[in-house]
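Taking it in order: structure first as structure tokens, then the write-up.
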Amino acid sequence: MFSFDLDYLLQQSLEIGVKLIVLIIAFLIISPLGKKAISRLIQRSTSHKNVPQPRAVTLEKLLINIFSYTLIFVFIVMFFAIIGLEIGPLIASAGVVGLAIAFGAQGLVSDIVTGFFILLEKQVDVGDYVTVAGYDGIVEEIGLRTTQIRGFDGTLHFVPNREISGVSNHSRGNMRALVDIGISYEDNIDQAIQVLKDVCTEFENDERFTEGPDVLGVQSFGSSEVVLRVIGKTENMAQWGAERDIRKRIKEAFDANSIEIPYPHQVNVTKEN
Amino acid sequence: MFSFDLDYLLQQSLEIGVKLIVLIIAFLIISPLGKKAISRLIQRSTSHKNVPQPRAVTLEKLLINIFSYTLIFVFIVMFFAIIGLEIGPLIASAGVVGLAIAFGAQGLVSDIVTGFFILLEKQVDVGDYVTVAGYDGIVEEIGLRTTQIRGFDGTLHFVPNREISGVSNHSRGNMRALVDIGISYEDNIDQAIQVLKDVCTEFENDERFTEGPDVLGVQSFGSSEVVLRVIGKTENMAQWGAERDIRKRIKEAFDANSIEIPYPHQVNVTKEN
Amino acid sequence: MFSFDLDYLLQQSLEIGVKLIVLIIAFLIISPLGKKAISRLIQRSTSHKNVPQPRAVTLEKLLINIFSYTLIFVFIVMFFAIIGLEIGPLIASAGVVGLAIAFGAQGLVSDIVTGFFILLEKQVDVGDYVTVAGYDGIVEEIGLRTTQIRGFDGTLHFVPNREISGVSNHSRGNMRALVDIGISYEDNIDQAIQVLKDVCTEFENDERFTEGPDVLGVQSFGSSEVVLRVIGKTENMAQWGAERDIRKRIKEAFDANSIEIPYPHQVNVTKEN
Amino acid sequence: MFSFDLDYLLQQSLEIGVKLIVLIIAFLIISPLGKKAISRLIQRSTSHKNVPQPRAVTLEKLLINIFSYTLIFVFIVMFFAIIGLEIGPLIASAGVVGLAIAFGAQGLVSDIVTGFFILLEKQVDVGDYVTVAGYDGIVEEIGLRTTQIRGFDGTLHFVPNREISGVSNHSRGNMRALVDIGISYEDNIDQAIQVLKDVCTEFENDERFTEGPDVLGVQSFGSSEVVLRVIGKTENMAQWGAERDIRKRIKEAFDANSIEIPYPHQVNVTKEN
Amino acid sequence: MFSFDLDYLLQQSLEIGVKLIVLIIAFLIISPLGKKAISRLIQRSTSHKNVPQPRAVTLEKLLINIFSYTLIFVFIVMFFAIIGLEIGPLIASAGVVGLAIAFGAQGLVSDIVTGFFILLEKQVDVGDYVTVAGYDGIVEEIGLRTTQIRGFDGTLHFVPNREISGVSNHSRGNMRALVDIGISYEDNIDQAIQVLKDVCTEFENDERFTEGPDVLGVQSFGSSEVVLRVIGKTENMAQWGAERDIRKRIKEAFDANSIEIPYPHQVNVTKEN
Amino acid sequence: MFSFDLDYLLQQSLEIGVKLIVLIIAFLIISPLGKKAISRLIQRSTSHKNVPQPRAVTLEKLLINIFSYTLIFVFIVMFFAIIGLEIGPLIASAGVVGLAIAFGAQGLVSDIVTGFFILLEKQVDVGDYVTVAGYDGIVEEIGLRTTQIRGFDGTLHFVPNREISGVSNHSRGNMRALVDIGISYEDNIDQAIQVLKDVCTEFENDERFTEGPDVLGVQSFGSSEVVLRVIGKTENMAQWGAERDIRKRIKEAFDANSIEIPYPHQVNVTKEN
Amino acid sequence: MFSFDLDYLLQQSLEIGVKLIVLIIAFLIISPLGKKAISRLIQRSTSHKNVPQPRAVTLEKLLINIFSYTLIFVFIVMFFAIIGLEIGPLIASAGVVGLAIAFGAQGLVSDIVTGFFILLEKQVDVGDYVTVAGYDGIVEEIGLRTTQIRGFDGTLHFVPNREISGVSNHSRGNMRALVDIGISYEDNIDQAIQVLKDVCTEFENDERFTEGPDVLGVQSFGSSEVVLRVIGKTENMAQWGAERDIRKRIKEAFDANSIEIPYPHQVNVTKEN
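Protein chains in written order, with our numbering: chain A, 235 to 507; chain B, 235 to 507; chain C, 235 to 507; chain D, 235 to 507; chain E, 235 to 507; chain F, 235 to 507; chain G, 235 to 507.
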């Protein structure tokens, strides 16, 4: 009887042993292969996008970390499964608590996934002027979980990446300078446009302008003024200064040519009570 | 005793071997068949929609990649299952973490699914002027995860595809040019309409107009003016210039015919205190 | 020993064979029956709703496709189950990835379900003027996933069907023409209503009107005018032209009868500082 | 050996046969019982709510249909389970696709559940004037999935029932007629109220009014007028006509009594610059 | 051989029989115990909250119904499980359809849960004037699924209970009467307050007031007037009438004391063009 | 044969008996231990937060109740499992209905969790003046499911705790009194500030003020006035009265010093038509 | 027979015993290792971020607590599993209730996860002036579940951390002082800018300014004024005082130089009725 048991135990032990060896060999093969695959993937993804070397290294390290932790987790579970202690159902049985955690923590995962792609696709760089999630400002730090943006009033905004549904990056190319200017209905449109054109000519040699400001024409009929539009392209971040200078010159040119920037008008019809 | 064990082992090994062979054969058959099916599917879907060849290739490659990775994943899981190491429950047991990841990553999947159909249905082309997810501008790049739109002020918007709930493509056909113009309640409507009609006649030979601008009539009674509407169809992207030119000509024609574009009116009733 | 094994194998093979035959027969019966049932269902659903023949065919084809793919999927899974390779748990074990896909792809399913019912219930036809999901325009194409709407400014809107929470179809019957007109507080209401009634009589023979325009009476007291309302029913899409013509005629009739459409009034009380 | 197998097969077949018989008997008993229960349930639910007979029949038919299909589905699954082909796990294994479908189709189920209760609780009848989900109009058709509402401008709105979060039924009882009228701060409030009371007396015999219009008093102090309120109850849908008639009569009575409906006032303080 | 089978069958039958008996006994004990527990629970919960007897009975009946149906369901499932037909997995296998139903029907459950607590906590009574889910009016009926509210314009609102995120009950105690009155910047504040105090004194014996109206003081500086506030507490639903009466009296008292309720003021600075 | 069965039955019974005893002993140990742990936990959590004794008792009772019910539930399920009737899968099999209930009832759980922490963290006390979920008023009752708030107009608001996303408690410390006052652009700022400072000095001995009101300076340039700000800290709930008194005194002081609180200004430029 | 049973029992007991010992040893090893790993992790994460020591200790304690409770939970479940009482399915079977709890409690988990990262990333400190979730104020306490913010009017806001979607920290660096000032269209822009520059020079030695205030130029054309902008950087929290002082000085300088801050202008065109 007992010899039979011993046999059975021996046989079982043998079986377990073989399984463990297969398991270990499998992991010894998968681990370096996976890491190499990740490295190559990152190199390919980033090489043709001019992602700077340090950032690529960051992404690679992150992915290899995730891979390693997953592998270790899988190894432990399988090890216990083979020696007869099934952790699988145990973890599954943590369902209620786990579910609550899963719901609660999904924001965290969402942060990291979004952050990962913001980094990988180079949507923002530190120092860019961006608008994300309703916050305007200069990017100070881009993390996997939060992006820090310095608003123009000095406030530091911490924006969880999951809140970033769309990135408006104002530092990727030339910017538009646009000035709308109203003239009186009594003024001559052609004369006003000529004056504006003269002002635009003055700015043609301005280094800030990449496309010299032009007069578009009659943009709209306001309640008390005919609105003319001047438009141009400037170098990045120079648009506000350029607009301010154009505005000042237009006012001066209009004054010199007696063209009125009209106040709101009202026609008064007098009726005796 | 031991011979029995050997028999059993042999038999088991045999069984496993047969299963493995069936598995490998099955996959050797399914793999090329699946790829061929995908190729045909893409060809059929895209051929009658004038999807350009390179895009069709991109979609085909994407689908074949997804198919291959799925097949490899399935193969690995089944291989382990056959040799007695069940990965299935293991993966299932990663439930808590997995659930969190699933919740967090659903946005990514949503991005890709939406992106896939935007490409397949050719909803936007690079260079189109579109309005998506509240962003206006010219499409610079269409990706599976994000679409890049260059706003008119020079900003580059990165829009995750999942945010694109509806695409308004302004580059698919002729556009409307519409000018609303108010005349005084004291002016003669028939005369004003005649003046507008004369202006419209001038634009009939304008190349930009595909349907010559027409006078629709009395659009509404404003608080201080009778609003007349002029409408036409222009070639794509020419509508703003056309509108500006019509506006300028109407103002000049009204001036020539002494038709007033009225300021806001108010009747003043004087009462002694 | 070996003969026993052979017996066992034979027996097992026999069992598997019988099961496979039952399976195949079952599917050979279910497949045509299911297709026939779908055809009948579609015919019944569409016959009393005047769904045009080609659309019914489209729906039938779609349903039969879905049915066939499902059947093939079921067949493959069961086939493997019978020959001892259980795919079931395997698919289930793809849980994490699958869950993410399920969450991400639900929008797609939602598109198709909504699109299916828009087609089946004939909520819109190509050429209808509709308002869906905030987009106004003429329907250009109705698909299972997206509906294309041409806006009045020439923009082509691609609306995913899931976004269509309610359809406002403006091309299903006669439309209302409504003109609100303000008269001065000093004018005689009865006289003004009489003038409006005369104008309405003029339009009674207008072919566009299916219910001759009528004067409703004093709609409201505005801050400077008594608002009167004229209302009528016109043929579809003729309402705007009709409204414009009524407006023009009222203005002329009021001018002829010296009834004032009043400007905003203000009583000025003068106080010395 | 073979005789043993035969025995085993026989025994198994016997067992399966017995199970199948039990299954069939169970269903033969449950099916008519269930249908009868549904009929009774509907009769009880609808009898004391004056639900019209045809509608009750519709509901009964719907429920019996659902019940039958469920029973057939259950029968098929159990049948296969008994003969050794387990469909259960198979269906469960369709999890990924199924989950996506479940998420996507939940709207459909939500439509039907809501539609069912709108019918059962008689919240709306065809011809009622209702406000649901932001749409105003007359109900044209109530379906399990969509409700059709004809707007007052002639538009036909298709509203999925799930969008109906609350039903405002304007055709369930008498409606309020309410007229707010401003008098000058210089006018005598008592006199104005007396005039309004006289007007109200005129309308007391008006058949439309179920509660004669009454003067409530000083509703508020406006910036330029003292607001008085007249209120009454009219028969359903007669409220607008009644309000219009009251308004006209008040204006005439005020004119006759020299009570002013004041224009906006402003006190002008003149200051030399 | 057959005798062995018989033995086995007998033994199995015996086992099943014993299990069935235990099952039946268990249910015979649990059923009355559960019902009794529910009755006691309701009695305790409602006794110290003055819930009227009929409502308590309604709640008790509802809970006992739910309990009974659940018990019957459990009994049937266990019965089948014991006789060897496992319904459990079957029901579970209805997963896809079931999940869709669960998602779709959750609103229904939410309705009932919320309705249950509105009844239990006596948040509203029939006849109360309430504001729920954006609807104002008098409660006509409180159901487990919907609450019916009669708006003041006569509309009957059907509000699903799940939409009731917060209940504002205006019929639970005395209400505030509040009148804001503006006086001219030139008027004497002390005199005006004195006049208001005199008006308040007149209302002190008014039965409607539970806290005599008081003058609070200078509430704010308006653009053209100094705003004074009068406040008081009245019996429920008497607040509007009280406010109207106070307003009328203040106007009369101000007229008698030559205190001006000022029109909007404007300082005009004249400038020659 | 039968003796063998008996043996087997005996052995099984024995095994079951042992298991039951272990089960009972385990529960006899866990039950008091758990209760004690809860008591200690509550005592520790509440002791250093000055939570009043009765509230701590309420929380303790609630937690012990939950613990007991859970234990009883677990005991019953395990009892049945041991005697061979597995309830586990049964309950799990109630999936569809259960899932719907879970979705529907989550609001209830959310209510209780939030309510629990509002009580534990002492966020509100009965009698506090708070703003939660858009409702303003005095807290009348704090329950685990709903919080009752008495609005200032006398309305009683029942707020489900889950709606309370943030609590603004206005009764936790001194409150700010803030008065913005506009002076004419023509007035002398220094003189006006001096007058305001004199007014502030008068209030320095006012008991209501914990930080004497101070003049901050020029807060902004309005369109017609220079805005000065006076700020101070008062005892809780005294801020409105204090503000009203300061306002009255400032008006009197300004009148005495001929400082004008200006009406809106407008510069009129006259143009002949 | 019985000896066999004994053997079997003995053998089973032995097996259980061995498993228990393995279990205990495993936990004795994992427990201290896990704690050490947590300590190191926290030390590394916090050391290079200047997180103050006490906060790091708090985080470490929290993580070790969570780890310990999880380990104990796992130990109990495995202990029962080994001695033959499977708790796993039991807990899983609590699905319905558990699911409801999971849904309801996810907010709690979300609170803690967000709170944890706010602490770890040092997004706010006690005493910081922040804007979170729509609440403005000074942080009084940062907890794992709620953050307490003292508003400027004295209100104490309890903000659940999950509501904090983005943190705007106004206490992390210098702040901007910005004054927009309008001058008349008739005034000379160059002179006005010169006056503003003189004012700015006065503030250059002001300690509050880290970047001396500068005049930017013509910010915009208002309807009645040309808007000039003055901008500077001040020390944290000094921006409001600085702005107030600049405003006062500009007004005085403008008065001294007869530069007008214009009232709203209107051009009046008189028309005889």
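Even glycine gets a Cβ: it sits at the ideal position worked out from N, Cα and C.
On the criterion of 16 or more Cβ atoms from any shown chain inside 10 Å, does I250 of chain E qualify as buried, or is it exposed? exposed
Do we get a CB-CB distance below 8 angstroms when we pair R463 of chain G with the residues of chain F? no
List the residues of chain C whose Cβ lies closer than 9 angstroms to the Cβ of N502 of chain D, in chain order. N502, V503, T504 and K505
Which of the three DSSP states is assigned to N395 of chain F in this structure? helix
F508 of chain C touches chain D at which residues, Cβ-Cβ below 8 angstroms? Here chain C covers residues 235 to 507 and nothing more, so residue 508 of chain C does not appear.
Establish whether the CB of I372 of chain E and some CB of chain D are separated by less than 8 angstroms. no
Three CB pairs or more closer than 8 angstroms across the region 358-366 of chain D and the region 401-414 of chain D: yes
Write down the C-beta distance between V449 of chain A and K431 of chain A rounded to the nearest angstrom, noting that I regard them as a contact closer than 8 angstroms. 5 angstroms
Identify the continuous alpha helix (DSSP H) that holds A411 of chain C and give its terminal residues. Here A411 of chain C belongs to no alpha helix (DSSP H); instead the beta strand (DSSP E) covers M409 to I417.
Check each candidate in G:Y303, G:E494, G:D362 and G:N422 and name the one with the smallest Cα separation from M471 of chain G. G:D362
Is the beta carbon of E459 of chain G less than 8 angstroms from the beta carbon of G446 of chain G? no
Does A367 of chain G have its Cβ less than 8 angstroms from a Cβ in chain F? yes
Closest Cα partner of D421 of chain F within the set F:K269, F:L275 and F:F488: F:F488
Is R481 of chain B buried or exposed, if buried means 16 or more other CB atoms sit within 10 Å of its CB? buried
How is S247 of chain A classed by DSSP in three states: helix, strand or coil? helix
Any beta-carbon of chain F closer than 8 angstroms to the one on H404 of chain G? no
Show which residues of chain B have a CB atom less than 7 angstroms away from the CB atom of F351 of chain A. R379
DSSP bridge partner residues for V360 of chain C (one or two, in chain order): According to DSSP, which records beta bridges pairwise, V360 of chain C is partnered with nothing at all.
So with Cβ pairs under 8 angstroms, would you call L305 of chain C a contact of chain B? no
What do you reckon, are the CB atoms on K485 of chain B and V501 of chain C nearer than 8 angstroms? no
Do you know offhand how far R384 of chain F's Cα is from G371 of chain F's? 5 angstroms
What does a CB cutoff of less than 6 angstroms around N299 of chain A pick up in its chain, not counting 5 residues either side in sequence? none
Between which two residues does the beta strand (DSSP E) holding I465 of chain F run? V460 to T468
Which chain F residues sit within Cβ distance under 7 angstroms of Y419 of chain E? I495
Is it right to say E375 of chain C is buried, meaning 16 or more other beta carbons lie within 10 angstroms of its own, or is it exposed? exposed
Roughly how many angstroms separate the alpha carbons of L267 of chain F and P394 of chain A, rounded to a whole number? 42 angstroms
Classify Q473 of chain A: buried if its beta carbon has 16 or more other beta carbons within 10 angstroms, exposed otherwise. buried
E494 of chain E versus V503 of chain B - alpha carbon distance: 20 angstroms
Counting along the chain, where does the beta strand (DSSP E) carrying R384 of chain E start and finish? T380 to R384
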